[in-house]
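**Student:** One structure follows; several queries about it will come next.
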Amino acid sequence: MKELQYITLRENPELMNMAAQWFHGKWGVPEEAYLECMEAYLKRETELGWFLCLDGDQIVGGLGVIENDFHDRPDLTPNICAVYTEESHRCRGIAGKLLNMAVEDLRAKGISPAYLVTDHTGFYERYGWEFLCMVQGDGEPDMTRMYIHG
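The opening residue of the sequence shown carries number 7 in the working numbering; numbering runs sequentially from there.
Quick look at the structure:
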């Protein structure tokens, strides 16, 4: 079995279009929104990055870091977003490794803490995240959980 490869988009900028399509397919957010954030990262207009797990030439996991993940607390920034692992590759620690990469990357740049919104309970705690508060998602009827990693 080939070893999985963990990269930042800056290490493989040629994957930008494929990554934007992949994230769009998982979350339904317009591809252009991903491309805009990714281009800003690649042009070093922001240090909020994109992290991928590759199995050969296929993306099997990924996440991004953005200012605000569609919620009413702009003071809680930056946000880990779009965390996803392909079903065929789940339960291998891929998301945990990507989360740790993102947190360490931010910390190395003097950016801490990081935040994320999720409806999951129990998953993120395994990787050092702590429940912080409830936030209102844009256009969402129910509040959602905000986590922090210091």
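Cβ atoms here follow ideal geometry from the backbone N, Cα and C, with glycine treated the same way.
Along the chain, where does the beta strand (DSSP E) containing CYS59 start, and where does it finish?
**Tutor:** Working through the sequence shown from its first residue, we reach residue 59 at position 53. Looking at the DSSP string, the run of the beta strand (DSSP E) that includes CYS59 is 56-61.
**Student:** Among the residues of its own chain, which have a CB less than 6 Å from the CB of GLN11, if the five just before and after it don't count?
**Tutor:** On the sequence shown, residue 11 is found 5 positions in, with the first residue counted as 1. Taken in chain order, the residues that qualify are LEU60.
**Student:** Taking the straight line between their C-alpha atoms, what separation do you get for TYR133 and ALA101?
**Tutor:** Counting from one through the sequence shown, the residue named residue 133 turns up at place 127. Counting from one through the sequence shown, the residue named residue 101 turns up at place 95. Rounded to the nearest angstrom, the two C-alpha atoms are 9 Å apart.
**Student:** Near PHE137, which residues of its chain fall below 7 Å by C-beta distance, leaving aside the five closest residues on each side in sequence?
**Tutor:** Reading the sequence shown from its first residue, position 131 is the one you call residue 137. Correct list, in chain order: ARG151, TYR153.
**Student:** Throw me the rounded Cβ distance for the GLU37 and ILE117 pair, which I believe falls under 8 Å.
**Tutor:** For the purposes of this step, residue 37 is identified with residue 31 of the sequence shown, where counting begins at 1. For the purposes of this step, residue 117 is identified with residue 111 of the sequence shown, where counting begins at 1. About 26 Å separates the two Cβ atoms, so there is no contact after all.
**Student:** What separation, rounded to the nearest whole angstrom, lies between the Cα atoms of GLY145 and ARG50?
**Tutor:** If you number the sequence shown from 1, residue 145 lands on position 139. If you number the sequence shown from 1, residue 50 lands on position 44. Computed Cα separation, rounded: 31 Å.
**Student:** Going by C-alpha distance, which of ASN23, GLU73, PRO147 is nearest LEU58?
**Tutor:** What you label residue 58 is simply residue 52 of the sequence shown in a count that begins at 1. With distances taken between Cα atoms, LEU58 lies closest to ASN23.
**Student:** VAL159 by DSSP, collapsed to three states: which one?
**Tutor:** No statement about residue 159 is possible, as the shown extent of the chain runs from 7 to 156 and does not include it.
**Student:** Between which two residues does the beta strand (DSSP E) harbouring ILE100 extend?
**Tutor:** In the sequence shown, the residue the question calls residue 100 occupies position 94. Taken as a continuous stretch (DSSP letters only), ILE100 belongs to no beta strand (DSSP E), being part of the alpha helix (DSSP H) at 100-114.
**Student:** How close, in whole Å, do the beta carbons of ASP75 and ASN85 come, if the pair is a contact with beta carbons under 8 Å?
**Tutor:** For this step, residue 75 is matched to residue 69 along the sequence shown. For this step, residue 85 is matched to residue 79 along the sequence shown. That belief holds up - the Cβ atoms of ASP75 and ASN85 are roughly 4 Å apart, short of 8 Å.
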